[in-house]
Amino acid sequence: MTTIGTDGNPLRVALLGSGPTAFYAAEHLFKQVGLNVQVDMFDKIPTPFGLVRGGVAPDHPKIKTVTKAYTQMAADARFRFFGNVKFGGHLQLADLKEHYHMIFFATGAQTDRKMGIPGEDLHNSHPATEFVAWYNGHPEYRDLKFDLTQERAAVVGIGNVAIDVARILVRTEAELRQTDIADYALAALAKSNVKEVYLLGRRGPAQAAFTPPEIKEVGEMEDADVVVRPDEVELDDLSKEAVAASADRSVIKNVETLQGYALRQPGGKSKKLSIRFLVSPLELIGDASGKVVKMRLVKNVLTKSESGSLNAKATDQFEEIPVGLVFRSVGYRGVPLPGVPFNDRWGVINNEKGRVLDLESKQPVTGLYTGGWIKRGPSGVIGTNKPDALETVNCMLEDLAAGRVLQPAQPDAASAEKLIRARQPKVFTFADWLKLDALELANGQKQGRPRLKFTSVDEMWAALGRK
Ligand code: NAP
Numbered sequence: 444m445t446t447i448g449t450d451g452n453p454l455r456v457a458l459l460g461s462g463p464t465a466f467y468a469a470e471h472l473f474k475q476v477g478l479n480v481q482v483d484m485f486d487k488i489p490t491p492f493g494l495v496r497g498g499v500a501p502d503h504p505k506i507k508t509v510t511k512a513y514t515q516m517a518a519d520a521r522f523r524f525f526g527n528v529k530f531g532g533h534l535q536l537a538d539l540k541e542h543y544h545m546i547f548f549a550t551g552a553q554t555d556r557k558m559g560i561p562g563e564d565l566h567n568s569h570p571a572t573e574f575v576a577w578y579n580g581h582p583e584y585r586d587l588k589f590d591l592t593q594e595r596a597a598v599v600g601i602g603n604v605a606i607d608v609a610r611i612l613v614r615t616e617a618e619l620r621q622t623d624i625a626d627y628a629l630a631a632l633a634k635s636n637v638k639e640v641y642l643l644g645r646r647g648p649a650q651a652a653f654t655p656p657e658i659k660e661v662g663e664m665e666d667a668d669v670v671v672r673p674d675e676v677e678l679d680d681l682s683k684e685a686v687a688a689s690a691d692r693s694v695i696k697n698v699e700t701l702q703g704y705a706l707r708q709p710g711g712k713s714k715k716l717s718i719r720f721l722v723s724p725l726e727l728i729g730d731a732s733g734k735v736v737k738m739r740l741v742k743n744v745l746t747k748s749e750s751g752s753l754n755a756k757a758t759d760q761f762e763e764i765p766v767g768l769v770f771r772s773v774g775y776r777g778v779p780l781p782g783v784p785f786n787d788r789w790g791v792i793n794n795e796k797g798r799v800l801d802l803e804s805k806q807p808v809t810g811l812y813t814g815g816w817i818k819r820g821p822s823g824v825i826g827t828n829k830p831d832a833l834e835t836v837n838c839m840l841e842d843l844a845a846g847r848v849l850q851p852a853q854p855d856a857a858s859a860e861k862l863i864r865a866r867q868p869k870v871f872t873f874a875d876w877l878k879l880d881a882l883e884l885a886n887g888q889k890q891g892r893p894r895l896k897f898t899s900v901d902e903m904w905a906a907l908g909r910k
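Oh and the sequence shown: position 100 is 543 in my numbering, straight run, nothing missing.
See below:
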């Protein structure tokens, strides 16, 4: 048997997931001089690019241009894409071990964290992640319904996802029409009654998780005023001390933007985005039919922990706000994959630097790797996944050099494809995606929109002229 990674015996890698991390991992592998590698990338839905297509807000088209680089990577002859193929459904770990030397999980964080308060599961209380996937046309979320007849909504959390959700809720139809938002979401939001959205932060403005461009952007919306209470953006002594000691310019920028909003007079726009600080939801209260009608909040103060972080501490001041729609946006969370060691506390695959570790022995599991949010948790921007993927690929190369790889019985591209197609006849290749992409762009153009997304698997299959 020739050495793995040479012409006679290419290194065969399965990449599960097709978001940024998976593409950066493929790129790093392809860059290795003298390594003969073949990469098969899988996604449970037909289309590639993970959260770039299904998570990035539709009104942030620039961020999505990163897919051009991924498309170039996919043009490499050593790359194949198998969309609509589910790990744990069509393919099991044992199947992959039969065909690949290394298996890399980059499946992201597919669910959300909960607030853990009474009433959280009332009707009209949703995870923000579901709303995001819905308005972005994710096939698994397209049939969800959101009650946009309500006039007031609350978004809990003040990270960038919360800001995205709040912004999409108060954008005008004209603003949304310029985006690639799913057509059904555009139609539903165009009829929306939502007039006021509360964005609720449990800590102060200096601890907000959103980034400066995102908080600045909400001050420039066509028909929504931003409202901030002057007393809530005045820094307390602990925050002043922390800001003075911090080298992070973005905190200062966030605070300056928010204090600027507090000085603004309402501009007479028809919708309102109220950003609140130092308040925590205690309970969602429902009506007789089980629909949320209000939220009980407690006012917080900041206290310093032993580690130096500033935490929210509840006071004895309470208030209620009338809201008929609630989105919790308090962080994404990874879901376990069958047969792959999972750290339930952190919601990530159990790993060290991307090498999957056995839960009991804490030793690396031969051939299994991970990257992105399912490796480190839901943090950072798209670019953060590049060094993250590199760290894992470096471990893979070290292991390859040491001979620590799986020993697949059928390490050839043709037999892997045969199995995949036997298990899932409706496979979508990257060439299929390029056709769908061109059709989406052309269909969008006909309506004066940048893109009209296909949102169901059947629709995509039929668009390719298949039955
Ligand atoms: P995030 O940045 O971690 O923000 C989570 C927010 O939830 C924080 O404000 C956090 O407050 C709050 N929170 C957590 N538990 C809470 C509780 N029990 N009650 C009330 N509030 C609670 O997460 P994310 O917004 O989901 O974003 C995930 C990652 O994607 C981030 O790195 C983000 O920057 C990135 N992203 C970037 C963009 C962009 O670049 N435009 C867009 C979307 C997402 P504490 O700070 O007090 O914990």
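From the three backbone atoms N, C-alpha and C, an ideal C-beta is built for every residue, glycine too.
Closer than 8 Å by C-beta to residue i: which residues in its own chain qualify, once you throw out the five before and the five after it? Chain order, please.
| i | result |
| --- | --- |
| Phe653 | Ile601, Gly602, Asn603, Ala605, Ile606, Asn697 |
| Lys861 | none |
| Asn527 | Asp486, Lys487, Ile488, Pro489, Gln867, Lys869, Val870, Phe871, Val900 |
| Ser693 | Thr654, Pro655 |
| Lys540 | Ile546, Gly810, Leu849, Pro851 |
Measure the Cβ-Cβ separation of residue i and residue j and say whether it is below 7 Å.
| i | j | result |
| --- | --- | --- |
| Phe522 | Val482 | yes |
| Val669 | Val676 | no |
| Leu587 | Gly647 | no |
| Leu745 | Asp680 | no |
| Leu632 | Ala597 | no |
| His471 | Val836 | yes |
| Ile546 | Gly810 | yes |
| Asn743 | Ala731 | no |
| Glu906 | Leu884 | Rather than Glu, the amino acid found at residue 906 in this sequence is Ala. No; because the gap between Cβ atoms is not below 7 Å, this pair is not in contact. |
| Ala609 | Leu716 | yes |
| Glu572 | Asp555 | The residue asked about is misnamed: residue 572 is Thr in this sequence, not Glu. Going by C-beta atoms, Thr572 is nearer than 7 Å to Asp555. |
| Glu726 | Ile506 | no |
| Tyr584 | Ala457 | no |
| Leu879 | Asn886 | no |
| Ala919 | Thr464 | The requested residue 919 is not part of the displayed model; the chain covers only 444 to 910. |
| Met558 | Phe524 | no |
| Asp666 | Lys638 | no |
| Ala649 | Pro673 | no |
Let's see if you can read the secondary structure: which residues bound the alpha helix (DSSP H) around residue i?
| i | result |
| --- | --- |
| Leu565 | Looking at the DSSP string, Leu565 is not in any alpha helix (DSSP H), and its letter there is neither H nor E. |
| Glu657 | 655 to 660 |
| Asp875 | 873 to 889 |
| Asn828 | 828 to 844 |
| Arg496 | 494 to 497 |
| Val604 | 603 to 613 |
| Met664 | No alpha helix (DSSP H) holds Met664; DSSP gives it neither H nor E. |
| Asn697 | 692 to 706 |
| Asp486 | First-last for Asp486: 480 to 486, but that is the beta strand (DSSP E), not the alpha helix (DSSP H). |
| Val575 | 571 to 578 |
Under the criterion of a Cβ to heavy atom distance below 6 Å, does residue i qualify as lining the ligand GTP?
| i | result |
| --- | --- |
| Val836 | Of the ligands this structure carries, namely the ligand NAP, none is the ligand GTP. |
On the DSSP letters alone, give me the boundaries of the beta strand (DSSP E) that residue i sits inside.
| i | result |
| --- | --- |
| Gln760 | 753 to 765 |
| Pro504 | No beta strand (DSSP E) contains Pro504, which is instead part of the alpha helix (DSSP H) from 504 to 507. |
| Phe466 | Premise fails: Phe466 lies in the alpha helix (DSSP H), 463 to 473, not in any beta strand (DSSP E). |
| Thr809 | 807 to 813 |
| Lys742 | 735 to 747 |
| Arg523 | 522 to 526 |
Assign residue i to buried or exposed, taking buried as 16 or more other Cβ atoms, counted over all protein chains shown, within 10 Å of its Cβ.
| i | result |
| --- | --- |
| Ala651 | buried |
| Leu448 | Checking the sequence, you will find Gly at residue 448 rather than Leu. Classification for Gly448: buried. |
| Val773 | buried |
| Val476 | exposed |
| Leu454 | buried |
| Glu657 | buried |
| Gln593 | buried |
| Ala688 | exposed |
| Asp875 | buried |
| Ala520 | exposed |
| Gly710 | exposed |
| Ala690 | exposed |
| Gly908 | exposed |
| Pro821 | buried |
In chain order, what residues of the same chain lie with their CB nearer than 6 Å to the CB of residue i, ignoring the 5 residues before and after it?
| i | result |
| --- | --- |
| Lys796 | Glu834, Cys838 |
| Gly777 | Ala552, Gly790, Val791, Ile817 |
| Phe761 | Val741 |
| Val931 | Only positions 444 to 910 of the chain appear in this structure, which leaves residue 931 out of reach. |
| Val415 | Not covered by the structure: residue 415. The range shown for the chain is 444 to 910. |
| Ala500 | Asp607 |
Might you give, ordered along the chain, the residues of its own chain that have their beta carbon closer than 7 Å to the beta carbon of residue i, omitting 5 neighbours on each side?
| i | result |
| --- | --- |
| Trp904 | Lys869 |
| Gly498 | Val575, Asn579 |
Closest Cβ-Cβ distance between residue i and chain B: below 7 Å?
| i | result |
| --- | --- |
| Ala597 | Of the protein chains in the structure, only one exists, and it is not chain B. |
Task: Stretch pair the region 768 to 784 + the region 566 to 577: three plus CB contacts closer than 8 Å - done: yes
Task: Validate contact between the region 619 to 637 and the region 570 to 579 using beta carbons, cut 8 Å, 3 pairs - done: yes
Open item on the list: Contact between the region 488 to 495 and the region 848 to 866 is defined here as three or more beta-carbon pairs at a separation below 8 Å; is this criterion met?
Closed with: no
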